[in-house]
Each structure stands twice: as structure tokens, then as C-alpha cells.
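Structure record follows, encoded as C-alpha cells.
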Amino acid sequence: MSMNSPRTRLFFVILLLSSFISCKNKTNKILKEKELVLDPKTINSYVRENIKNSLAVALDSNGRINDSLKLFFFKVTENYYQKNEYQPLWSDTGKWLPQAELLLSYLDTASFDGLFKEDYQFSRIIDIKKALDGDSVQRRDAVLWTKADILLTDAFMHIAGDLSQGRLQADSSSWKNDTSTYKKHFFTPLDQLKKGYALPGIFQSLQPSLKGYLDLKAGIKRFLDSMDTRLYTYVDYSYKAGVEKDSLAFIKKLQLRLSESAVIEFNTTLPEAVQLTAAIKKYQKLKKVPVDGKVSAGLLKLLNNTDVEKYNRIAVTLDRYKQLPDSLPKKYIWVNLPGYYLQLHDSDSICFTSRIICGKPSTPTPQLVSAISDIIIYPTWTVPESIIKKEMLPALKKNAGYLARKGLNLYNFKGEKIDPSTVNWARYSKGIPYKIQQGSGDDNALGVIKFNFENPFSVYLHDTNQRYLFKNSIRSLSHGCVRVQEWEKLAFYIVRNDSTRLQPDTLRYNTDSITSWIANKEKHRVAVKFPIPLFIRYFSCEGIQGTIKFYDDVYGDDKRLKEKYFARK
11 MSMNSPRTRL FFVILLLSSF ISCKNKTNKI LKEKELVLDP KTINSYVREN IKNSLAVALD
71 SNGRINDSLK LFFFKVTENY YQKNEYQPLW SDTGKWLPQA ELLLSYLDTA SFDGLFKEDY
131 QFSRIIDIKK ALDGDSVQRR DAVLWTKADI LLTDAFMHIA GDLSQGRLQA DSSSWKNDTS
191 TYKKHFFTPL DQLKKGYALP GIFQSLQPSL KGYLDLKAGI KRFLDSMDTR LYTYVDYSYK
251 AGVEKDSLAF IKKLQLRLSE SAVIEFNTTL PEAVQLTAAI KKYQKLKKVP VDGKVSAGLL
311 KLLNNTDVEK YNRIAVTLDR YKQLPDSLPK KYIWVNLPGY YLQLHDSDSI CFTSRIICGK
371 PSTPTPQLVS AISDIIIYPT WTVPESIIKK EMLPALKKNA GYLARKGLNL YNFKGEKIDP
431 STVNWARYSK GIPYKIQQGS GDDNALGVIK FNFENPFSVY LHDTNQRYLF KNSIRSLSHG
491 CVRVQEWEKL AFYIVRNDST RLQPDTLRYN TDSITSWIAN KEKHRVAVKF PIPLFIRYFS
551 CEGIQGTIKF YDDVYGDDKR LKEKYFARK
């Protein structure tokens, strides 16, 4: 078709007209700099039109209305306004409605719920409010009232989402933009506020009612009352050992951090070793910890464990509770990895608490939800492939007698025992065509009992042949499984739970059976008829009688989440 043909020219004319009309429509929707209204009684109609146009722009621009105005929950915000015919929600004829003051008052104390008020553009809203309250001319500006209205609505929706769902969702857009969730999480709460419901009660109803969540929240006020809000320099071992440039940079950062605690002066000159040692000792004495004056991982953990970092961990932990079911079972086993403990819960009571040993930072215990399916008395231990590859294969290449020294046996997959000295270990690098097992007995790594539960990580609860390790304060020592100090109490509870729910003549075992089998070193498998739910979780702080107890961030999970979701805090 010729470029000069009438049909072609008509096509381009239509295309240009369409583009012009589209641009004109977008231009008409752009929020003006200012729009003064002479009669305040008519201002609502101007605000309504501005809201409608601004939200249309936001939908087309991923929430951005202009260079200085962006909404975060723009889809649900637009949906709510549409439902209400774009009427202003927080003001009426140039006057604030009560709900506006209530929301701003809540935002000023949002930290009590583990929130950060600036996430909801608090300062921006306050600046607009001051402009409207302090100047009679500004009070007639429909554009300012429009900005205030949509920012307050967006803030409300954002708060409602964070309180009900948390900020740790793998893909928050999957629920934030899902219209099926709008009524429950967003529309109903705002409808209630407009009807005069108390705002604290509305927001409380969105949050978990789990006891652990409420206990943690109960300790926040006391924590905040004495919180040091200063932002300190974060110091880590990010340099390469032996590299002078990196080493000097580390010392400079350490000097800066110590100066922030007023134990050394910060200047352009690097401190002498004796000065640095003295400063570290002074800091350790200030923090009431053992004084040695040495640079160590413990010192850096102490320096970095500021009140601001602790509050971030509180916020992360509150959001972790939001990932749990709305209610927990009547009976369940709770393992808290940073706390190094296992608890057996029954009817809102804790039956017993046991110390545990969990995975090392290099082989962390996974977080999971499952249920105890069976118990093995005097188990054998089949060494996982990961341990064979990382630890045992290199040792076998050096000395084929390694397995015998460890009390381990080598088998082919027919179950035939193999002499390790007959194997050419140098042939293997990624694995071996054999099984390595440790026979049952008191020296077995699993101890005398093992609790199985379905999971894709090949981990389980068990006893240990190194029970002396339970006295350690830091107990992240295993390859990923969880060692339980009070294994006998756990086994007896599970067996009694079955016995009280089954007819006596159908039960093939009881607590006496377990005791007898262990005493006689008999191997048995006990199938659990009523599996007890198991939660292995990662909570680095918890509320106890109005205060907050903090545990080490054993695997650095809280730090990673903080950097991902609270990077500006």
C-alpha cells in the first residue's frame, strides 16, 4: 500500500487524533498546583473530581500521581473511593472530620504495634494539615484537601494491610491487589471508622489474637519508654583477613562506633593498639560484660545490638506471628530456634519446657509445620548425603579408618557390609554409591530415641550421645536436626495422648513399654495414632510478664529481613 494513498493518509490522521485525545484526557486528569474555591460549601465537589482524576492517574502510573505524590495501596484505595462515588472521606466542606484526627493520633503512636509511622507518609500528611489549619487562604485550596484525603486513605489501607497480613509476605501484591480480600482487610475497617467505632478496637481486631503476639505487644511500651533512638554505625567483619586496606577500614569504622558511645575520640588518625584496647575495655565495662579488650565476634554483636536494632527485631517478630494460623491447635509442640527451647502446649498451658540443640549457622534447622508420626526406640543413624560430601568423604580420602574410629559402618545398597579400605575413595567427589550407618546403642548420635515427622529436609527430633552440650548457653551445634534434652517427657506425653483416646485393648504400648524397651536396649517403632502438630519457628524475642526477652539472631534471619523490608529504619 502506497504511503501517499488516501487510505494510508486517513489511517495516520486517525492515529494522530487518537493520540491527541489520549494526551488531552491525561492532561485533564493531572492534579493542579492549586485550586482556590471561593465558597467553602462547594469545595467537596472540586475535591471529589480531583480525587477521581488523581486515582485514575495513579492506576496508570503504579501509584504515582505526580513527582511529589505517590500512593502505595492505590488499587484498594481507588476501589474504596469508587464504592463511595469518590466523596472525600476525611473532611467535609473544608473542615476535618473526627476520623482524620483519630488516624493521625494513631500514626503518632504506631510504634506500639511494631509499625513505623513514616511508612505511611506521616510527616507529609502533617505538613499538609498544618498548611490547611494555619492559613485561611490555604483552607480554600481544593488541591490540598484532595492530597490530604487520598494520603489519609492510602495510609489507612496500608496500616490495615500491615496489621492483618504483615510485611514479610513473599509477594504482598498477591493479597494487596486481590479484590476478594478487600472487604475483610480494608473496606469493613474503614466503614466502621466512619460509623464512629473506636479506632484502637478496629485495628486490634485486624491483628492476631495469639497469646505470644499479645505478650510481645504488652512489653513494647516499657521498651519504648527507655529506648535509645540514636542510629549507631553498624560494624561487621566485611574485610578480607590480611588485606591491609580492608583491615584499616575496619579499624576506622570500629573507632567511629566506639566514639559514638563516648569511649574514644574519633579523628583522622587511626588509634594505637593500646588506645583501641582501652576503649574496648571501657565499652565492655559500660555494658557490664566480661572485660578483655579484644576485637571479637562477641564484641561486634554487642556493638550492633542497639535499641533501634532490637525494635526492628520486635517488628519482624510481630510479623512472623501473622504468618501463623489464626488459632493454634489445642495440643502442639513448639520449637523456638533462637530461644533454644521446645515446649509442649496443651489447652493453653505449657506442660513442660525442654532445652534443645539446633542446627549450626552453616547447617540451619529449617522452619516448618508438621506433626509427629512415629517414634523409634534405639534408632540407627543413616548419615545424610550432605554430611558425607562435606565432612566424611574428605576424611575417608585421608584415612580409610575414619569410619571405624567414629563407630560407623559402610554398606552397599543391597545391605551388604563393605570394608572401607577396599574402596578407592579418590574416585568420588560429589557423593558415594554406599550408605554410611551407625548402629543403635548408647553411642549412637541420635541417642536412644528419635521422633519422626514428615518434611522435605530429612530432619527430626532426637536424643543425643552428647548430652553434656545442653549446659551450653549457645546451642546451635547440630547438622540441622533438633536434639531434645527432655526426650522422655516428650515420648511419654505422646504415648499417653494415644492411650487416652484409644480403647485399652487396641493399644500395643504404654509408657511402661517405652521404659522397658529402653532399659533392655530393644529396638521398636511406635506408630503415633493421633499425631501431635509440630511448629519449628524462629522468634528472636518474646514478651514475658510485661518485658521483652531477646535471643541471639542465631542464623541472621532477622537481619536479612530487616535489610529487605526495613532498610530505611
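If you're matching positions, the sequence shown starts at 11 in our numbering and goes up one per residue. Just so it is clear, CB atoms sit at the ideal spot from N, CA and C, and this is done for glycine as well. Everything numeric in this text was worked out from a predicted model, so none of it was measured.
Asked, Found
"Determine the closest residue to Thr191 out of Ser174, Lys291 and Ala66, with distance taken between C-alpha atoms.", "Ser174"
"Return the chain-ordered ranges of every beta strand (DSSP E) run that is complete within the region 356 to 394 and spans a minimum of 3 residues.", "359 to 369 and 378 to 387"
"Going straight from the alpha carbon of Ser182 to that of Asn530, what length do you get?", "Reliability fails at Ser182, whose pLDDT of 47 lies under 50, so the model's placement of it is uncertain and the value that follows must be treated cautiously. For Ser182 and Asn530, the distance between alpha carbons rounds to 55 Å."
"Is it buried or exposed, Phe423, if we count other Cβ atoms within 10 angstroms and call 16 or more buried?", "exposed"
"For Lys298 and Arg232, I'd like the C-alpha separation in whole angstroms.", "21 Å"
"Quick check on DSSP: helix, strand or coil for Tyr247?", "coil"
"Look at the alpha carbon of Glu580 and the alpha carbon of Ile484, and state the distance between them as a whole number of angstroms.", "With the chain running from 11 to 579 in the structure shown, residue 580 is simply not present."
"If I follow the unbroken beta strand (DSSP E) through Gln447, where does it start and stop?", "Lys445 to Gln448"
"Should Gly449 and Ala325 be called a contact, given that it needs their Cβ atoms to be closer than 7 Å?", "no"
"Under a Cβ-count criterion, where at least 16 other Cβ atoms within 10 Å of its own Cβ denotes burial, should Asp172 be classed as buried or exposed?", "buried"
"So, at 8 Å on beta carbons, what are the nonlocal neighbours of Leu69 in its own chain, with the 5 sequence-adjacent residues on each side left out?", "Phe84, Lys85 and Glu88"
"In three-state terms, what does DSSP make of Lys341?", "strand"
"Would you give the residue range spanned by the beta strand (DSSP E) that Gly171 belongs to?", "From DSSP, Gly171 is part of no beta strand (DSSP E) but of the alpha helix (DSSP H) over Ala152 to Gln175."
"Within 10 Å of its beta-carbon, does Asp522 have 16 or more other beta-carbons around it, so buried, or fewer, so exposed?", "exposed"
"Helix, strand or coil: how does DSSP classify Ser219 here?", "coil"
"To which residues does DSSP link Arg535 through a beta bridge?", "Ile386"
"So, Glu552 versus Leu226, is the Cβ gap smaller than 7 Å?", "yes"
"Going by the beta-carbon positions, is the gap between Tyr575 and Arg177 smaller than 7 Å?", "yes"
"With which residues is Gln353 paired in a DSSP beta bridge?", "Trp344 and Thr363"
"Got a sec, what are the start and stop residues for the beta strand (DSSP E) Val494 sits in?", "Val492 to Val494"
"When you compare only the Cα positions, how much space is there between Glu395 and Tyr331?", "34 Å"
"Can you name, in chain order, every residue of its own chain whose Cβ lies under 6 Å from the Cβ of Arg74, other than the five neighbours on each side?", "Lys80"
"Where does Phe463 sit, in a helix, a strand or coil, going by DSSP?", "strand"
"Assess contact between the region 143 to 152 and the region 40 to 55, defined as three or more Cβ pairs (one per stretch) separated by less than 8 Å. Is contact present?", "yes"
"Does Lys569 come out as helix, strand or coil in the three-state DSSP assignment?", "helix"
"I need the DSSP call for Trp100, collapsed to helix, strand or coil.", "coil"
"Taking Leu41 as part of the alpha helix (DSSP H), name the residues at either end of that continuous run.", "Careful: Leu41 lies outside any alpha helix (DSSP H) and carries neither H nor E."
"Mind checking which residues open and close the alpha helix (DSSP H) that includes Glu275?", "Element bounds for Glu275: n/a, residue is neither H nor E."
"Which of the three DSSP states is assigned to Ser182 in this structure?", "Low local confidence applies: a pLDDT of 47 at Ser182 is under 50, so the model's placement there is unreliable, with the coordinate-based value given in what follows. Ser182: coil per DSSP, three-state reduction."
"When you compare each of Ile367, Ser215 and Pro50 to Thr474 by their alpha carbons, which one comes out closest?", "Ile367"
"Give the single residue among Asp145, Tyr116, Thr327 and Gly308 whose Cα lies nearest to the Cα of Lys580.", "The chain is shown only over 11 to 579; residue 580 falls outside these bounds and no answer can be derived."
"What does the alpha-carbon distance come out to for the pair Leu403 and Ser486?", "24 Å"
"Run through DSSP, which three-state label would Tyr321 get?", "helix"
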